[in-house]
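Undergrad:
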Amino acid sequence: MRSISTLLFGAVLCWSGISLAAASPLEQASALLEQKNYQQLQALLEPAQRQYRRDANYWYLLGRAAMGLSDTAAAEKHLKKAAELNSNQAEYQFWYGQSSCNQAQNVNMLRARGFAIRCRDAFAAAATLEPENLSYQRALAQFHIQAPAIAGGDKKEALSIAQRVRQLDALQGELLELEVHVANQDLTAFEALVGGSELLQARPEPFVLRGFYQQRQDAHEQAIAEFEQATQLSIDPDDKTAVAQVLTAWYQLGRSALVGKTQLDKGIAALQHYRTQLDTEQFSALPDMGWADLRLAQLYLLQDETELALALLEPLKASSQDQRILAEINKLSI
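If you count by mature numbering (1 follows the signal peptide of the UniProt record, and there is no 0), then the sequence shown holds residues -21 to -1, 1 to 313, one letter each, in order.
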């Protein structure tokens, strides 16, 4: 008798236009990846390694499964194999780069540089193979902005990429250039670019970037003012990038209120709003509900609202799998 999971999976394939009887293991795997069913994807593929050992798509799908399950070492290993078997596939190079960057954050400093260089080179390969793909260009620029020079980062190269992107998409290029100026702490160039761009003046990103800059200076009153301006802009609700930036502003406003121990009521209202607006499926890169609950509870504690804090912290401690959140909860004196 077939299991319920097998029957449900068959239904998913039929709904997506794939006949279960006709679907190959890799077609089934692609459907599972689209559904973000990483555990079943891995279970389907792992027994077939001998059959598909020379198939780049197989290793790509297995690597994406490992990445989805937060197994950074396996993800990097499998995606490297995919990129080696088909070095002309930009998507394989991009995800190999992403997995290498992830792995660089999970190893000691001596090994991290090697993974960082692999990340840079794979992102560069993806951007070269598909130069008009803004996601690949942005990933490469972000690497050069964030990585130290010893790990292959180069802010001058990031600025060159931003200028090339401006030829494809003026707004995206200008936004990348703003990030480079912030990384260089060149506020004169930052303000000159914003002042000369009607595109940027209507966007939340300049306010958010200024807010982050002020946070790094421990100037939380100023940071709150910048984040608040971002939340007050009228934006197109279908512009998901702008929506994500506004959500970031709400969260960071609350965080600055907490860290700076200032404007606590405003910080509480901001995090309450963030929690009602966050769509974790659509905005997976933003701080999740666990972090929002933790920060809101910490603000409640600063206002001696212990019962409100406990109402958030107790279920969070029981359910969270994030060791960083659990460590922060354990530090609290409640």
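Where a beta carbon is used, it is the ideal one built from N, C-alpha and C, also for glycine.
If we ignore side chains and look at the alpha-carbon of each, how far apart do SER(-3) and ILE96 end up?
TA: Caution is warranted here: a pLDDT of 47 is assigned to SER(-3), below 50, making its placement in the model unreliable, and the coordinate value is therefore given only provisionally. Rounded to whole angstroms, SER(-3) to ILE96 spans 42 Å at the Cα level.
Undergrad: What are the start and end residues of the alpha helix (DSSP H) that includes ILE313?
TA: Taken as a continuous stretch (DSSP letters only), ILE313 belongs to no alpha helix (DSSP H), as it is neither H nor E.
Undergrad: Taking the alpha-carbon positions, what's the LEU305 to SER114 distance?
TA: Those two C-alpha atoms are separated by around 33 Å.
Undergrad: Where does ILE(-4) sit, in a helix, a strand or coil, going by DSSP?
TA: Note that ILE(-4) scores a pLDDT of 46, beneath 50, so its modelled location is shaky and nothing firm can be said.
Undergrad: Whole angstroms are fine: how far does the CA of ARG29 sit from the CA of ASP218?
TA: Near 45 Å, if we compare the C-alpha coordinates of ARG29 and ASP218.
Undergrad: Check TYR115 in the structure and name its three-state DSSP category.
TA: In this structure, TYR115 counts as helix in the three-state DSSP scheme.
Undergrad: DSSP three-state label for TYR31, please.
TA: Looking at TYR31 - three-state DSSP - the assignment turns out to be coil, as it is neither helix nor strand.
Undergrad: Report the residue from SER299, GLN300 and LEU275 whose alpha carbon sits nearest the alpha carbon of ALA288.
TA: With distances taken between Cα atoms, ALA288 lies closest to LEU275.
Undergrad: If the criterion is Cβ atoms closer than 7 Å, does the pair PHE206 and GLN242 meet it?
TA: In this structure, GLN242 does not lie closer than 7 Å to PHE206 by Cβ.
Undergrad: Leaving out five residues on either side along the sequence, give the residues of the same chain with a beta carbon under 7 Å from the beta carbon of PHE169.
TA: Closer than 7 Å at Cβ, skipping near neighbours: LEU157, HIS160 and VAL161.
Undergrad: With a threshold of 6 Å (Cβ to nearest heavy atom), would ALA181 be considered close to the ligand COA?
TA: Absent from the structure shown: the ligand COA. Ligands present: none.
Undergrad: Using only the alpha-carbon positions, how far apart do SER66 and GLN256 sit?
TA: Going by the C-alpha atoms only, they are around 41 Å apart.
Undergrad: Figure out for me which residue from LYS15, TRP270, ASP148 and GLY239 has the closest Cα to the Cα of ARG195.
TA: Among LYS15, TRP270, ASP148 and GLY239, the Cα nearest to that of ARG195 is on GLY239.
Undergrad: What did DSSP end up calling GLU63 once you bin it into helix, strand or coil?
TA: Note: GLU63 maps to helix in three-state DSSP.
Undergrad: Between which two residues does the alpha helix (DSSP H) containing GLU153 stretch?
TA: Residues 149 to 162.
Undergrad: Can you give me the C-alpha to C-alpha distance between LEU179 and LEU155, rounded to a whole angstrom?
TA: Near 11 Å, if we compare the C-alpha coordinates of LEU155 and LEU179.
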